[in-house]
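Read left to right, the sequence shown gives residues 1 to 249 (the UniProt record's numbering).
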Amino acid sequence: MSSSCKDMDHLIQLYVDQEIEMDDRQRLKEHVETCSSCRKNLLEMLDLVQSLEEIRNHQENRSKPITLLNYGVKWVAVYVAIIFLVAFVPGVLQHRSTEGNELANDSVPSNPSHYEMMVLATQAEKLHIPESDYVHVTTPQSLTADADIETALIYPSALPFFEKKMQDWNREAIKRFVFVRIPDNKTLQTILSLAGSDVKKTSLEKPSFPMSIILTTGEKPSMEIFSFPEKKKNISHWFDKMATTSVIH
């Protein structure tokens, strides 16, 4: 592992903890665009944080109300796990130095750049939207038919406008629709009907709301139900993960 990569291990930890400075964030971004090993390390850390967030949400949904003490204990364990992994990643990568690049090249897309994402939301939106050069926030009123972005997110405040604005989407260009926190089954069925998604009924048995879904378009449309993060830090991580994952039709 080069000295530059060793420096990146520290920056990755700062990034995960949301304590990284803008200059260091830019250094990290430029480095992972050319270093497959560090890029793989970063994506694995983002996957870990997202997985832990989904586990926490699942546990909260199954056993509410949860006490403040138990909540704190859970997240202490989460951060200890993250710090532990970050501390030992350099040693693991050093041990696998001869095969690390091969594994990274096999598992990471050839284009490491962030794909642009459009967020449809009103000015009244309360849910966090990360500020980034690859995130473009658009209000329903300003949506145009020539939108040419691979991934479009429809935030809760924009859901009431979806039925009126669906025809304005450039569905040939947009390959992935992400609907965040759908409030009820009526809204869900409206979305699926307008999107023309042929989803198996079994995937919607006993739906739990609010529900977040990803609709992938193309010859074989698909739907994925997922847990949208609660905290700002985890939302930012989720956006980064989504923006570095291309959609293949």
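All C-beta atoms, glycine included, are put in the ideal place defined by N, C-alpha and C.
Across which residues does DSSP place residue i in a beta bridge pair?
i      : result
Leu215 : Phe177 and Met223
Met45  : According to DSSP, which records beta bridges pairwise, Met45 is partnered with nothing at all.
Leu153 : Val119 and Val178
His136 : Met118
Exposed or buried, residue i, counting other C-beta atoms within 10 Å across all chains shown (16 or more means buried)?
i      : result
Gln18  : exposed
Ile55  : exposed
Ala124 : exposed
Asp148 : exposed
Ala87  : Interpretation of Ala87 is limited by its pLDDT of 49, a score under 50 that renders its predicted location unreliable; the figure taken from the coordinates is listed afterwards. With fewer than 16 other Cβ atoms within 10 Å, it is exposed.
Ser142 : exposed
Ser36  : buried
By alpha-carbon positions, which one of the options ends up nearest to residue i?
i           : options                           : result
residue 257 : Thr144, Pro130, Lys175 and Thr244 : Residue 257 lies beyond the residue range present for the chain, which begins at 1 and ends at 249; the question has no answer from this structure.
Asn41       : Gln26, Val16, Ser142 and His136   : Val16
Thr216      : Phe179, Glu30 and Glu125          : Phe179
Gly218      : Phe177, Lys233 and Met211         : Phe177
Asp240      : Pro160, Ser132 and Ser142         : Ser132
Val137      : Lys126, Thr122 and Glu150         : Thr122
Thr245      : Thr190, Pro160, Phe162 and Arg39  : Arg39
Please look up how many angstroms separate the CB atoms of residue i and residue j, rounded, as I've assumed it's under 8 Å.
i      : j      : result
Ala152 : Ile174 : 5 Å
Pro183 : Phe209 : 6 Å
His128 : Ile213 : Not confirmed; about 19 Å, so no contact.
Leu11  : Asp24  : 5 Å
Leu188 : Met211 : 6 Å
Problem set entry | Touch test, the stretch 216-233 against the stretch 112-123, Cβ-Cβ under 8 Å, three pairs minimum | no
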